[in-house]
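Asks: First residue of the sequence shown: 8, per our numbering; consecutive thereafter. One structure is given below, represented as structure tokens, and several questions about it will come after.
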Amino acid sequence: MTKPPRKAAKSDVSAGLLVATRRRCCLCVYLANDTSRKRVQIAHIDGDRSNSTEPNLVPLCLDHHDEYDSTTRLSKGLAEKEIKLYKQRLIQQIASAELDFGPVPLAPQCLESEAEGDAFAYGLLFADISRVVAAHDPVGFISLGNEDEYDLEIDDIIFVVSHSEPAELAKELEGVFAHWFTDGVAAQFDHYAELARDILNAMHLNRERNPVYNPVYDPATDG
């Protein structure tokens with residue numbers, strides 16, 4: 008009988024277990040008196056890989072995960088009830104500070120620039136539109152090596168695209184560059200229609216959440 012296909016545990020459930028157990032393996036703690044942090048995997052207690060509910064999941068170190076998966080449930084090896092009891096005991100003792108591993112480590116924090124803040128807020132869409140605008144290079148900066156020169160304008164561009172009709176987008180984009188670089192500089196670029204098309208394409212593909220694509224239009228691939 009083949010095993011059912013693995014169903015990935017929900018990330019929030021897995022994360023909650025990793026925090027609750029502080030990335031300790033309950034079998035290491037109670038069978039080997041080893042309370043050190045381990046490289047752990049999320050194991051399915053009943054062996055049903057499609058059952059990824061919290062009561063059926065437990066973080067185990069690589070060795071104990073292999074041992075548990077290879078143990079028949081009819082032998083006197085590691086039993087489901089035993090695993091569940093160790094898991095709950097570990098979570099309870101950590102929560103009550105009976106087992107104290109010190110403070111939870113925090114990732115180092117730093118102040119972000121305005122452009123980095125916008126990039127975080129818009130995620131991949133910010134990076135995609137930045138790449139599109141740099142490819143068109145309306146003001147001629149990229150030849151100078153300033154690959155992120157247009158990042159300060161991306162926030163305005165996303166706002167304009169989100170609040171304009173597609174037919175008016177080219178004109179609105181010219182207005183954005185006129186605002187940032189003066190009318191004379193903006194007027195020297197005459198491909199706003201193509202820029203608008205590629206930005207709309209990037210936004211469409213971003214909504215589709217396609218992880219691999221080039222949002223810049225390539226006539227050779229137009230089918």
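The beta carbon of each residue, even a glycine, is placed where N, CA and C say it ideally should be.
1) Quick check on this structure: which residue in 208, 214, 73 and 40 has the alpha carbon closest to the alpha carbon of residue 52?
2) Buried or exposed, going by whether 16 or more other CB atoms sit within 10 Å of the CB of residue 31?
3) Taking all protein chains shown into account, do 16 or more other C-beta atoms lie within 10 angstroms of the C-beta of residue 173, making it buried, or fewer, making it exposed?
4) So within the region 151-222, which uninterrupted alpha helix (DSSP H) runs reach at least 4 residues, ignoring any that extend past its ends?
5) To the nearest angstrom, how far is the alpha carbon of residue 104 from that of residue 59?
6) Is it the case that the Cβ atoms of residue 136 and residue 209 are separated by a distance below 8 Å?
7) Which residues in the same chain have their Cβ closer than 8 Å to the Cβ of residue 64, if we skip the five residues on either side of it in sequence?
8) Under 8 Å, do residue 198 and residue 143 count as touching if we go by C-beta distance?
9) What first and last residue would you give for the alpha helix (DSSP H) that runs through residue 35?
10) For a test of the three-state rule: what should DSSP assign to residue 52, helix, strand or coil?
11) Helix, strand or coil: how does DSSP classify residue 66 here?
12) Based on the DSSP secondary-structure assignment, which residues constitute the bridge partners of residue 47?
13) With a Cβ-Cβ cutoff of 8 Å, do residue 179 and residue 171 count as a contact?
14) Quick check on this structure: which residue in 213, 196, 214 and 27 has the alpha carbon closest to the alpha carbon of residue 100?
15) Figure out for me which residue from 71, 33 and 215 has the closest Cα to the Cα of residue 92.
16) Leaving out five residues before and five after residue 132 in sequence, what residues of the same chain have Cβ atoms less than 6 Å from its Cβ?
17) Beta-carbon within less than 7 Å of residue 114's beta-carbon, same chain only, minus the 5 sequence neighbours each way: which residues are those?
18) Alpha carbon to alpha carbon, what distance is there between residue 141 and residue 98?
Replies: The relevant details are as follows:
1) 73
2) buried
3) exposed
4) 158-169, 176-188, 190-194 and 199-215
5) 28 Å
6) yes
7) 16, 20, 21, 24, 49, 50, 51 and 52
8) yes
9) 33-39
10) coil
11) strand
12) 68
13) yes
14) 27
15) 33
16) 213
17) For residue 114, the predicted structure reports a pLDDT of 49, less than 50, and the residue's modelled location is therefore unreliable. The matter cannot be settled from this model.
18) 51 Å
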